[in-house]
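In what follows, a single structure is set out as structure tokens and then discussed.
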Amino acid sequence: MTNMPPDPKSSQTNVLGFDEFIGILVAFTSIGAVLFWSFFRNYSAWNLPGILLPSPNLSATPTAPTQNTPPAVMPLPSVAPSELPKRQTPFQSSSNPAKKFPLVIPTEKKSTIPPPIAFTDVPNNFWASRFINALSSRNIIKGYQDNSFRPNQPVTRAEFAAILQQAFENELGKTKNKISFQDIPNRFWATSAIDLAISTGFLKGYPNNTFKAQKNIPRVEVLVALASGLNLNTPTSGTKILNIYQDAKQIPTYARNKVAAATENGLVINYPNPKVFAPNKEATRAEVAAMIHQALVLIGRLDRVPSQKIVKLPE
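Residue numbers in the sequence shown follow the working numbering, run continuously in steps of one, and reach 368 at the last position.
Pasting the structure below:
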């Protein structure tokens, strides 16, 4: 009996054994592991940080910029302080005027008195310049249209009445009596001033009911008017006071007590020689301004002005 060769078809129909199945599984597993490793290696080598957000390396990368961002922004505070002083400067400038504002108020109180008029014929070294400036700044005396003062020009009785009205308006008051002088027309420019000066006792008319408004007023009448209008007390030693003048005998009898009172109160100003009174000399505009000034000093309206022309009693 001979052995027959195996049927090739029968090998195709046989079922795999357990060992063969295990071998095939191990083979496929090894191949799959190799393929997975090679694929993962290539995949991780891709440069896709913006897409692979879950990657730990990528999550650490954006964290670092967020931590480094503040240092990048740190220069901003250095710019801000440089701008802050500029913003603070307006506030300081606005607060400074508020602090200085009370200091502007006294200067405004002082500025209520305008500066004196710069008369062309009254230089600073003129003997009566300080008296004239004090009165012109208060509109008590005025100059002429050519900006001159004419300090050596005589003063009429009407002009003196007008100066009295300007200087002592507060003291004289508004009430006045209408006084009719036969030589003063109703529309005379100084009628109001004359009425006020007469009714308040500064000036008087003459016995024949005349005022003689255009008559130049002498020095003695200026001082008698001031002493009378201010109600100065008669000094007990009037004669002794008048003896300081070298020409005391020329003072009229009616005026001696008034001149002594004016001298005692510092109203008399003699130029050029303080010891010469010159009672009958026509008073100049400069002399009248100086004596009016002294009268205002006496009642506390003006400050004293140093001058060697003011007559002072011996101590």
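Backbone N, C-alpha and C fix where the C-beta goes; we use that ideal spot for every residue, glycine too.
{"Item": "Can you give the Cα-Cα distance for ARG272 and GLN303, rounded to whole angstroms?", "Value": "12 Å"}
{"Item": "Spell out a yes or no on whether the region 206-214 and the region 255-267 are touching, meaning 3 or more CB-CB pairs, one atom from each, closer than 8 Å.", "Value": "yes"}
{"Item": "Considering only residues of the same chain and omitting the five flanking positions on each side of ALA348, which have a CB-CB separation below 7 Å?", "Value": "LEU279, LEU283 and LEU320"}
{"Item": "Sorted by chain position, which residues of the same chain lie with C-beta nearer than 8 Å to PRO176's C-beta, five sequence neighbours on each side aside?", "Value": "SER182"}
{"Item": "Cβ atoms of ILE247 and ILE345: under 9 Å apart, would you say?", "Value": "no"}
{"Item": "Look up ASN200 in the DSSP assignment and say whether it is helix, strand or coil.", "Value": "coil"}
{"Item": "Report back the beta-carbon spacing between LEU188 and ALA342 to the nearest angstrom; my notes put them in contact at under 8 Å.", "Value": "5 Å"}
{"Item": "Quick one, are the C-beta atoms of PHE234 and ASN262 less than 9 Å apart?", "Value": "yes"}
{"Item": "Residues in the same chain with beta-carbon distance under 7 Å from ASP300, minus the five sequence neighbours each way, listed in chain order, please.", "Value": "VAL329, PHE330 and ALA331"}
{"Item": "On a Cα-Cα basis, can you pick out the residue from GLU317, THR306 and TYR307 that is closest to THR289?", "Value": "GLU317"}
{"Item": "Could you please give the first and the last residue of the uninterrupted alpha helix (DSSP H) stretch that includes GLU212?", "Value": "210-220"}
{"Item": "Per DSSP, what kind of secondary structure is TYR259 in: helix, strand or coil?", "Value": "strand"}
{"Item": "Just the Cα atoms here: how many angstroms apart are THR116 and ILE75?", "Value": "The predicted model places THR116 with a pLDDT of 46, which falls under 50 and marks its position as unreliable, so this point remains unresolved."}
{"Item": "Report the option in LEU366, ASP236, THR244 and VAL358 whose CA atom is closest to the CA atom of LEU217.", "Value": "THR244"}
{"Item": "Tell me ILE322's beta-bridge partners as DSSP assigns them.", "Value": "ILE363"}
{"Item": "Out of curiosity, what's the CA-to-CA distance linking PHE81 and GLU73?", "Value": "12 Å"}
{"Item": "For my contact list, ILE237 and ILE251 are in at a C-beta cut-off of 8 Å; report their separation, rounded to the angstrom.", "Value": "That pair is no contact at about 10 Å."}
{"Item": "State buried or exposed for ILE294, treating a residue as buried only when at least 16 other CB atoms are found within 10 Å of its CB.", "Value": "buried"}
{"Item": "Using beta-carbon positions only, say whether LYS365 and ASN323 come within less than 9 Å of one another.", "Value": "no"}
{"Item": "May I have the straight-line CA-CA distance separating THR292 from PHE179, to the nearest angstrom?", "Value": "32 Å"}
{"Item": "Give the DSSP bridge partners of GLU335, in chain order.", "Value": "PRO271"}
{"Item": "Pull up the distance between the alpha-carbon of ASN223 and that of TRP242, whole angstroms please.", "Value": "21 Å"}
{"Item": "Name the residue from TYR307, ARG203, TYR298 and PRO260 whose alpha carbon lies nearest to the alpha carbon of GLU274.", "Value": "TYR307"}
{"Item": "Could you pull out every residue in the same chain whose Cβ sits closer than 7 Å to the Cβ of ARG203, ignoring the five residues on either side in sequence?", "Value": "ASP174, TYR197 and ARG338"}
{"Item": "Just the Cα atoms here: how many angstroms apart are ASN239 and TYR259?", "Value": "18 Å"}
{"Item": "Based on Cα-Cα distance, which residue from ALA336, ASN326, GLU335 and SER281 lies nearest to VAL312?", "Value": "SER281"}
{"Item": "Can you check DSSP and say which residues form a bridge with PRO207?", "Value": "THR337"}
{"Item": "According to the neighbour-count rule (16 or more other Cβ atoms, all chains shown, within 10 Å of its Cβ), is ARG309 buried or exposed?", "Value": "buried"}
{"Item": "Is there at least one Cβ from chain B nearer than 9 Å to LEU249's Cβ?", "Value": "Absent here is chain B; the protein component of the structure consists of one chain."}
{"Item": "Just tell me which of LEU276, VAL358, LEU355 and LEU256 has its CA closest to the CA of ALA314.", "Value": "LEU276"}
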